[in-house]
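Numbering (this note's numbering), first residue to last: 5 to 625. Worksheet: the structure to be examined is printed underneath.
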Amino acid sequence: MTGITSSPASRAEEFRTARKLDFGILARIIRFVLHYKARVAIAVAATLASSLFQLFIPRYVGQAVDNAQGLLGTGPTTSGDIETALWLAASMIVMLSVLRGLFAVVQNYFGESIDHCIAADLRKAFYQRIQQLDLTFHDHSHSGDLITRGMLDLEGIRYFPSTGLVRTLMLLVLVAGGTVLLLSTHLVLGLVALSFVPVIAVRSAVARLQLRYLWLKQQERLTTLTNAMEENLTGIRVVRAFASQVHELAQFDRLSVKVLEISFQRLMARVRSMTFMGFAFYSAMTAVLWVGGAKVVAGEITVGTLTEFLAFMMILHMPVRQIGMTVNSFARASTCGARFFAILDRNNAIEEGVQIRELETPRGEIEFENVSFSYSDNPDESRIISNISFKVGPGHTLGIVGPPGSGKSTIARLIPRFYDATSGRILIDGQDIRDLSLASLRRAVGGVQQDSFLFTASVDNNIAYGDPWADSDAIVEASRDAQLHEFVATLPDTYQTLVGEQGVSLSGGQRQRVSIARGTLTNAPIYIFDDATAAIDAGTEQQIRSALGRRSGTHTTIIISHRLISLMHADEILFLDEGRILERGSHEQLLSINGRYAALHSLQMRDAGAGEWSSGQPSPA
């Protein structure tokens with residue numbers, strides 16, 4: 005098989021490694037199962053009872069055959085006794101079958117109920133962990149991969165209790181109980197009847213290794229397929245704009261074919277295993293007929309005894325056929341579990357300290373002390389920002405400008421601890437943010453992020469996302485400050501109008517204004533506006549600045565923008581390039597030194613027109 009080591013020594017080592025890994029993963033799943041001890045106890049008891057009742061059926065079938073045979077060869081004196089015994093055996097068969105069926109129903113119900121319970125637990129744990137993991141993780145993870153792990157891999161785990169554990173227990177009881185009954189009845193014939201068991205056990209172990217490998221490959225290819233679908237749906241407008249539907253369909257078809265190839269390989273592995281197991285089983289049954297028939301002829305056993313052996317093997321027929329499904333369940337659970345638990349076990353780069361404290365009654369003073377940041381593990385390489393120091397307090401505004409990639413947005417992300425500084429300290433009201441709870445820290449920071457993401461909800465729900473208990477008056481006030489209210493009033497359902505997926509029914513400027521209203525509604529002591537007005541015209545931006553100026557008189561405000569008109573009114577402006585502060589000062593001071601800021605100012609004034617700049621003077625806040 006492609007991808008599986010052919011060397012016997014390597015294959016043996018691979019099997020030992022996989023078995024060790026599988027044991028750890030399956031043991032972990034079992035621990036989740038044991039959270040529901042009552043359900044497990046009922047499922048186990050029902051499985052034992054169902055299997056035990058089933059074990060006794062062959063014996064009464066054998067007795068019925070012997071009684072029927074005896075009835076044909078007896079006189080009228082003894083025929084009544086034999087007939088009574090025959091009816092008794094038949095009644096026992098019916099009763100055992102009914103009881104076996106009832107307990108099987110209980111077994112199936114509670115077995116599958118455990119499936120659903122652990123699925124709910126794992127789904128919640130997975131989602132909770134995704135919410136907790138730092139943005140570095142999300143920067144390097146594709147949402148399609150996470151969806152595959154949180155749904156498809158979860159399904160592989162979910163079916164394990166009922167299709168793996170319960171069926172294995174049932175098979176073990178049937179084989180163990182049958183072994184005792186058959187060997188005690190006739191040693192030689194019992195050994196012949198059970199000869200298929202070790203053959204199937206060895207084949208199952210080999211099949212598990214093969215199926216584990218194929219399940220892993222299939223989940224990886226399903227992840228790639230999901231990624232492609234998610235990207236296509238997210239960028240559907242780009243696809244349509246460039247008439248690339250045929251190309252996208254061809255790409256999706258290629259990925260689907262790769263998934264189908266693995267599915268066929270997995271199917272063939274299962275079919276080969278089940279065929280081999282079936283051959284071993286029917287070979288054993290043939291041997292029982294051959295040997296048992298000879299012993300019946302020799303008078304060593306009765307026809308009923310031979311029938312008992314055959315009936316028992318027929319009872320084992322279905323569980324043996326399901327061994328392939330059971331082995332597949334073990335392989336799938338171990339593979340999917342390894343991928344699923346890798347997310348739950350991932351270390352978080354942003355962790356709260358042992359002795360954290362709340363940021364109480366924050367004023368909002370922010371101080372950077374020689375702060376550097378790098379995505380690389382080596383802090384001396386590829387620094388995004390390097391030795392940044394500044395201080396801004398309540399009632400003051402700090403502007404940050406610079407070319408793309410200069411580190412502007414990184415500063416905005418370090419303040420609420422989306423990332424941790426590589427070196428240096430960030431203080432809020434004199435407290436190191438690493439010593440503060442993340443919840444209290446982030447409640448103190450409002451504003452607008454670089455990406456104006458909207459949820460598939462109504463306008464008012466999007467505005468009130470940061471403060472779900474805000475009343476309608478507060479929502480309207482925030483909307484007015486963001487110059488959004490008049491537009492919302494024209495919508496069919498005003499503030500209850502749905503914005504569509506990710507705000508698709510709104511323009512870029514409208515989405516930014518919703519984000520501004522959402523950011524300011526929280527009334528946080530710190531406002532950070534990261535390119536918050538990039539898609540808004542200069543006139544509307546001026547009105548927003550004036551409104552926010554009245555609202556944020558006691559707030560600490562940081563404005564990050566590539567347009568100087570957005571921040572020229574700031575108390576201090578930092579000009580960044582390659583992660584360093586090249587120039588700092590007020591708008592007038594930076595113009596007077598005739599440096600990079602002044603050059604950018606001249607360029608933008610020439611491109612946009614001098615009328616928008618108020619003759620180079622700061623616009624009123």
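We put the beta carbon where it would ideally sit given N, CA and C, even for glycine. Computed from a predicted structure; not experimentally measured.
Taking residue i and residue j to be in contact with their CB atoms under 8 Å, please state how far apart those CB atoms are, rounded to whole angstroms.
i, j, result
"residue 170", "residue 111", "6 Å"
"residue 343", "residue 157", "5 Å"
"residue 579", "residue 588", "7 Å"
"residue 420", "residue 445", "6 Å"
"residue 450", "residue 434", "Actually they are not in contact, since the Cβ atoms of residue 450 and residue 434 sit about 21 Å apart, beyond 8 Å."
"residue 197", "residue 292", "5 Å"
"residue 665", "residue 583", "An answer regarding residue 665 cannot be provided, because it is not within the stretch 5 to 625 covered by the chain."
"residue 234", "residue 147", "6 Å"
"residue 33", "residue 164", "6 Å"
"residue 323", "residue 175", "5 Å"
"residue 149", "residue 238", "So it is not a contact: roughly 14 Å between Cβ atoms."
"residue 98", "residue 311", "The Cβ separation is near 17 Å, so there is no contact."
"residue 189", "residue 309", "6 Å"
"residue 466", "residue 503", "6 Å"
Using DSSP bridges, identify the partner residues of residue i.
i, result
"residue 344", "Beta-bridge pairing links residue 344 to no other residue."
"residue 589", "577"
"residue 55", "Answer is none; residue 55 lacks a bridge partner."
"residue 395", "371"
"residue 560", "530"
"residue 378", "387"
"residue 584", "581"
"residue 292", "Residue 292 is not bridged to any residue."
"residue 361", "440"
"residue 452", "533"
"residue 565", "According to DSSP, residue 565 bridges with nothing at all."
"residue 462", "502"
What do you reckon, are the CB atoms on residue i and residue j nearer than 7 Å?
i, j, result
"residue 353", "residue 138", "yes"
"residue 125", "residue 338", "no"
"residue 51", "residue 173", "yes"
"residue 430", "residue 372", "yes"
"residue 635", "residue 334", "No information on residue 635 is available, as it lies outside the stretch 5 to 625 that the chain covers here."
"residue 403", "residue 581", "no"
"residue 577", "residue 595", "no"
"residue 288", "residue 199", "yes"
"residue 428", "residue 376", "yes"
"residue 256", "residue 232", "yes"
"residue 296", "residue 193", "yes"
"residue 40", "residue 118", "yes"
"residue 54", "residue 104", "yes"
"residue 562", "residue 532", "yes"
"residue 93", "residue 68", "yes"
"residue 478", "residue 366", "no"
Hey, out of the options, whose CA is closest to residue i's CA?
i, options, result
"residue 497", "462, 487, 520 and 519", "462"
"residue 276", "246, 332 and 122", "332"
"residue 438", "159, 53 and 359", "359"
"residue 441", "355, 475 and 456", "355"
"residue 604", "572, 582, 583 and 576", "572"
"residue 485", "447, 454, 448 and 524", "524"
"residue 60", "320, 423 and 464", "320"
"residue 468", "483, 417 and 379", "483"
"residue 261", "278, 282, 225 and 245", "225"
"residue 388", "269, 286 and 414", "414"
"residue 522", "536, 559 and 509", "536"
"residue 48", "105, 114, 583 and 99", "114"
"residue 399", "105, 223 and 368", "368"
"residue 530", "610, 416 and 487", "416"
"residue 108", "58, 140, 128 and 546", "58"
"residue 517", "504, 409, 545 and 44", "545"
"residue 265", "295, 222 and 350", "222"
"residue 540", "554, 424, 559 and 565", "565"
"residue 135", "227, 220, 443 and 520", "443"
"residue 592", "586, 601 and 585", "601"
"residue 520", "508, 62, 562 and 548", "548"
"residue 144", "347, 590, 181 and 318", "347"
"residue 374", "426, 341, 408 and 386", "426"
"residue 101", "88, 62, 489 and 127", "62"
Say whether chain B places a C-beta atom closer than 7 Å to the C-beta of residue i.
i, result
"residue 448", "In the displayed structure, chain B is absent; only one protein chain is listed."
Given the structure, does residue i come close to the ligand SAH, in the sense that its CB is under 6 Å from one of the ligand's heavy atoms?
i, result
"residue 400", "Among the components of this structure there are no ligands whatsoever, and the ligand SAH is therefore not found."
Which complete alpha helix (DSSP H) runs does the segment 398 to 450 hold, if anything under 4 residues is left out? DSSP runs (the alpha helix (DSSP H)) wholly in the segment 398 to 450: 412 to 418 and 442 to 447.
Unbroken stretches of the beta strand (DSSP E), 3 residues or longer, contained in the segment 469 to 553: Fully enclosed beta strand (DSSP E) runs of 3 or longer: 530 to 534.
For a minimum of 4 consecutive residues, which ranges assigned as the alpha helix (DSSP H) are wholly contained in the segment 82 to 160? 139 to 143 and 147 to 151
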